[in-house]
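Protein chains in written order, with the numbering used here: chain A, 89 to 143; chain B, 191 to 453. Every residue gets a Cβ at the ideal spot worked out from N, C-alpha and C, and that includes glycine. In what follows, a structure is listed as structure tokens, so that the remarks can point back to it.
Spelled out as structure tokens, the structure:
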């Protein structure tokens with residue numbers, strides 16, 4: 089790669105290359121955020137329970 | 191003949207003894223939770239660095255392929271995702287086997303948490319393969335051996351997740367899903383050798399083959415960096431998920447109550 093235009097254009101395969109990388113980014117993001125949110129929910133639920141409050 | 195002193199064979203060397211002690215401690219949920227908590231940031235930052243280097247190398251630095259132009263750049267996510275989808279499955283079945291035979295709780299936890307990550311790697315492999323197939327083969331999908339067996343791998347992961355979550359009792363759920371995972375292992379060599387055993391559109395092995403990899407170093411290095419990044423990413427998220435699972439399973443023990451109420 090020598091220029092930004094060339095980088096975006098991907099030799100005419102921009103659609104295939106960038107869609108692949110977009111799916112990759114989405115799947116990685118899901119794999120990061122889903123477990124973190126889940127962990128927070130679980131901790132909150134367990135904390136409520138151990139404080140003796142109704143679920 | 192050399193005379194064997196009494197007890198000479200039975201005493202393990204100190205390194206094996208320490209290794210065994212480590213595995214015994216690792217099987218304790220609390221120790222696992224704490225060790226995993228310490229490892230996650232290191233693995234996470236390692237993943238970020240490797241991904242940055244791999245993406246720079248693959249998308250910018252590496253030259254275009256003489257046959258495929260820039261379309262080949264999909265390789266830097268397609269191949270690591272495909273390798274990981276197999277690796278995670280074998281790990282899941284192995285952990286399931288350990289849980290089945292030795293009834294180690296942590297092994298059940300690892301097997302269960304492998305499944306969603308492995309499924310997402312299999313899904314990514316199929317999506318990127320499809321997007322690579324269109325410009326190269328002229329079609330998004332063909333029912334050939336490599337593609338079909340990889341699709342079956344995704345279904346095995348989904349079946350595992352469905353079975354595991356359908357059974358209320360944790361021990362029974364772990365047993366049933368581990369058996370499913372072990373039966374599914376038969377698919378792994380089929381995927382791996384499908385390009386040799388059947389006539390297929392999918393290209394044959396490029397990296398692991400006799401006579402060394404037939405790929406230029408400028409392309410091989412980013413590919414290996416991305417593979418390592420995927421591997422670290424997997425272990426990071428495996429530990430994060432496993433920690434949550436340990437908290438849920440050990441909810442009634444004192445240390446968990448202490449941990450969840452302290453923050």
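Using the C-alpha atoms, what's the distance from residue j back to residue i?
{"i": "residue 318 of chain B", "j": "residue 452 of chain B", "result": "44 Å"}
{"i": "residue 225 of chain B", "j": "residue 311 of chain B", "result": "26 Å"}
{"i": "residue 132 of chain A", "j": "residue 362 of chain B", "result": "27 Å"}
{"i": "residue 289 of chain B", "j": "residue 101 of chain A", "result": "47 Å"}
{"i": "residue 137 of chain A", "j": "residue 324 of chain B", "result": "53 Å"}
{"i": "residue 124 of chain A", "j": "residue 422 of chain B", "result": "17 Å"}
{"i": "residue 334 of chain B", "j": "residue 320 of chain B", "result": "13 Å"}
{"i": "residue 372 of chain B", "j": "residue 350 of chain B", "result": "11 Å"}
{"i": "residue 140 of chain A", "j": "residue 134 of chain A", "result": "10 Å"}
{"i": "residue 235 of chain B", "j": "residue 430 of chain B", "result": "14 Å"}
{"i": "residue 166 of chain B", "j": "residue 284 of chain B", "result": "With chain B represented from 191 up to 453, any question about residue 166 of chain B goes unanswered, as that position is not in the structure."}
{"i": "residue 297 of chain B", "j": "residue 304 of chain B", "result": "11 Å"}
{"i": "residue 402 of chain B", "j": "residue 410 of chain B", "result": "11 Å"}
{"i": "residue 93 of chain A", "j": "residue 127 of chain A", "result": "42 Å"}
{"i": "residue 143 of chain A", "j": "residue 203 of chain B", "result": "Bear in mind that a pLDDT of 47 at residue 143 of chain A, under 50, signals an unreliable position, so the model cannot answer this."}
{"i": "residue 206 of chain B", "j": "residue 212 of chain B", "result": "10 Å"}
{"i": "residue 314 of chain B", "j": "residue 257 of chain B", "result": "24 Å"}
{"i": "residue 442 of chain B", "j": "residue 448 of chain B", "result": "10 Å"}
{"i": "residue 110 of chain A", "j": "residue 208 of chain B", "result": "45 Å"}
{"i": "residue 122 of chain A", "j": "residue 103 of chain A", "result": "28 Å"}
{"i": "residue 233 of chain B", "j": "residue 389 of chain B", "result": "40 Å"}
{"i": "residue 394 of chain B", "j": "residue 322 of chain B", "result": "15 Å"}
{"i": "residue 338 of chain B", "j": "residue 450 of chain B", "result": "45 Å"}
{"i": "residue 141 of chain B", "j": "residue 118 of chain A", "result": "A query on residue 141 of chain B cannot be resolved here, the shown segment of chain B reaching from 191 to 453 and no further."}
{"i": "residue 446 of chain B", "j": "residue 414 of chain B", "result": "39 Å"}
{"i": "residue 330 of chain B", "j": "residue 241 of chain B", "result": "27 Å"}
Could you give the C-beta distance for residue i and residue j, rounded to a whole number, given that I count them as a contact under 8 Å?
{"i": "residue 439 of chain B", "j": "residue 227 of chain B", "result": "Actually they do not touch by this definition, with Cβ atoms about 16 Å apart."}
{"i": "residue 340 of chain B", "j": "residue 370 of chain B", "result": "That pair is no contact at about 18 Å."}
{"i": "residue 274 of chain B", "j": "residue 424 of chain B", "result": "6 Å"}
{"i": "residue 308 of chain B", "j": "residue 282 of chain B", "result": "6 Å"}
{"i": "residue 270 of chain B", "j": "residue 427 of chain B", "result": "At roughly 15 Å, the Cβ-Cβ gap does not stay under 8 Å, so residue 270 of chain B and residue 427 of chain B are not in contact."}
{"i": "residue 444 of chain B", "j": "residue 237 of chain B", "result": "No, residue 444 of chain B and residue 237 of chain B are not in contact; Cβ-Cβ is about 34 Å, not under 8 Å."}
{"i": "residue 105 of chain A", "j": "residue 264 of chain B", "result": "6 Å"}
{"i": "residue 286 of chain B", "j": "residue 368 of chain B", "result": "3 Å"}
{"i": "residue 221 of chain B", "j": "residue 215 of chain B", "result": "5 Å"}
{"i": "residue 292 of chain B", "j": "residue 391 of chain B", "result": "In fact, because the Cβ distance is near 43 Å, the residues do not count as touching under 8 Å."}
Mind checking whether residue i and residue j have CB atoms under 9 Å apart?
{"i": "residue 404 of chain B", "j": "residue 396 of chain B", "result": "yes"}
{"i": "residue 295 of chain B", "j": "residue 217 of chain B", "result": "yes"}
{"i": "residue 408 of chain B", "j": "residue 251 of chain B", "result": "yes"}
{"i": "residue 302 of chain B", "j": "residue 254 of chain B", "result": "no"}
{"i": "residue 249 of chain B", "j": "residue 95 of chain A", "result": "yes"}
{"i": "residue 378 of chain B", "j": "residue 276 of chain B", "result": "yes"}
{"i": "residue 219 of chain B", "j": "residue 436 of chain B", "result": "yes"}
{"i": "residue 261 of chain B", "j": "residue 89 of chain A", "result": "no"}
{"i": "residue 268 of chain B", "j": "residue 108 of chain A", "result": "yes"}
{"i": "residue 375 of chain B", "j": "residue 246 of chain B", "result": "no"}
{"i": "residue 347 of chain B", "j": "residue 412 of chain B", "result": "no"}
Output, in chain order, the set of chain A residues within a Cβ distance shorter than 9 Å of residue i.
{"i": "residue 313 of chain B", "result": "111, 115"}
{"i": "residue 423 of chain B", "result": "116, 119, 120"}
{"i": "residue 437 of chain B", "result": "127, 130, 131, 134"}
{"i": "residue 259 of chain B", "result": "98, 99, 100, 101"}
{"i": "residue 274 of chain B", "result": "Simply none; closest approach about 11 Å."}
Using DSSP's beta-bridge definition, name the partner residues of residue i.
{"i": "residue 259 of chain B", "result": "B:255"}
Would you mind telling me which residues of chain B sit closer than 8 Å to residue i, beta carbon to beta carbon, in chain order?
{"i": "residue 140 of chain A", "result": "The contacting residues do not exist; residue 140 of chain A stays about 11 Å from chain B at best."}
Would you mind telling me which residues of chain A sit closer than 8 Å to residue i, beta carbon to beta carbon, in chain order?
{"i": "residue 329 of chain B", "result": "Per Cβ cutoff of 8 Å: no residues; residue 329 of chain B is ~13 Å from chain A at best."}
{"i": "residue 318 of chain B", "result": "108, 111, 112"}
{"i": "residue 322 of chain B", "result": "104, 108"}
{"i": "residue 254 of chain B", "result": "99"}
{"i": "residue 325 of chain B", "result": "101, 104"}
{"i": "residue 247 of chain B", "result": "Those within 8 Å of residue 247 of chain B in chain A number zero; the least Cβ separation is about 11 Å."}
{"i": "residue 342 of chain B", "result": "None at all; the shortest Cβ gap to chain A is about 20 Å."}
How would you list, in chain order, the residues of chain B whose beta-carbon sits under 7 Å from the beta-carbon of residue i?
{"i": "residue 126 of chain A", "result": "434"}
Output, in chain order, the set of chain A residues within a Cβ distance shorter than 7 Å of residue i.
{"i": "residue 445 of chain B", "result": "Correct list: empty, because the minimum Cβ distance to chain A is about 11 Å."}
{"i": "residue 250 of chain B", "result": "89, 95"}
{"i": "residue 431 of chain B", "result": "123"}
{"i": "residue 282 of chain B", "result": "Per Cβ cutoff of 7 Å: no residues; residue 282 of chain B is ~16 Å from chain A at best."}
{"i": "residue 450 of chain B", "result": "131, 134, 135, 138"}
Residues within the segment 389 to 415 of chain B neighbouring chain C, beta-carbon criterion of under 9 Å: Chain labels in this structure do not include chain C; the protein chains are A and B.
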